[in-house]
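Presented below is the structure to which this report refers.
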Amino acid sequence: MTAPVDARSVFTDGACSGNPGPGGWAWALSTTEYASGGEAPSTNQRMEIRAALEAVRANDGPLLVVSDSTYVVNCFRDRWYVGWLERGWLTSAKKPVANKDLWEPLVQLVTDRGDVAFRWVKGHSGHEMNDFVDQLAVAASQAAGKTSAS
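Mapping to numbering that gives the first Met the number 0: the sequence shown position 24 is 23, numbers consecutive.
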């Protein structure tokens, strides 16, 4: 899936304190245009998908979703979702797709729009925007933990 020429890059990340535990997600177009949120309990994988879903929901026009999650990127790069749809949301091992409640709306949005591509970036490698969304996601997971404890 090649990024459209005029695509804006949106960076996404998910975090979880414990797995499962309080989770946080974040997306950012820049250090001044971003969003984040959290839920408890959650998992790291759920928060990675949620970050991509919220980014695609919130941003119109051609997008390049940049994520350090191979789980998210490979779903679209390797077209895992095509098999899931053909098998009625079952994996190749005939087991239910994990996190279907998040994958289903994300796959629907991406396929309906046709202007969203995905690219992997190495996490915790000093990439400014990846580090920024990581900090936002960690803060959101900490906030979700405080909310669930009260």
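For glycine and all other residues, C-beta sits at the position ideal for the given N, C-alpha and C.
Check: residue i C-beta below 7 Å from any heavy atom of the ligand GDP
i: Glu32; result: Absence of the ligand GDP from the depicted structure is noted, as is the absence of any ligand whatsoever, leaving it without description.
Reference residue i; option with closest CA among the options
i: Asp114; options: Ala143, Gly37, Arg56; result: Arg56
i: Gly23; options: Ala92, Ala50, Arg7; result: Ala50
i: Gly60; options: Asn98, Pro40, Gln134, Val109; result: Val109
i: Glu32; options: Trp79, Gly20, Gly82, Leu135; result: Leu135
i: Asn18; options: Asn43, Glu47, Ser91; result: Asn43
i: Thr1; options: Arg86, Asp111, His126, Leu62; result: Leu62
i: Asp133; options: Arg76, Lys94, Ala92, Ser66; result: Ser66
i: Asp77; options: Arg112, Ala116, Ser41; result: Ala116
i: Gln141; options: Val81, Lys99, Cys15; result: Cys15
Bounding residues of the beta strand (DSSP E) (the contiguous stretch that carries residue i)
i: Val56; result: Here residue 56 is Arg; the residue named in the question, Val, does not match the sequence. Element bounds for Arg56: not the beta strand (DSSP E) but the alpha helix (DSSP H), 43–57.
i: Val96; result: Premise fails: Val96 is in no beta strand (DSSP E) and is neither H nor E.
i: Arg118; result: 115–119
Start and end residues, alpha helix (DSSP H) containing residue i
i: Leu105; result: 99–112
i: Val4; result: Neither: Val4 is in no alpha helix (DSSP H) and is coded neither H nor E.
Three-state secondary structure (DSSP) of residue i
i: Arg86; result: coil
i: Leu28; result: coil
i: Ser66; result: strand
i: Ser35; result: strand
i: Gly20; result: strand
i: Asp130; result: helix
i: Gly125; result: coil
i: Gly13; result: strand
Test item: CB-CB of residue i and residue j under 8 Å
i: Val4; j: Leu28; result: no
i: Ala139; j: Ala54; result: no
i: Val64; j: Thr11; result: yes
i: Leu89; j: Val96; result: yes
i: Leu84; j: Leu52; result: no
i: Asn129; j: Val120; result: yes
i: Val72; j: Arg118; result: yes
i: Ala39; j: Gly144; result: yes
i: Ser68; j: Gly20; result: no
i: Arg7; j: Asn58; result: yes
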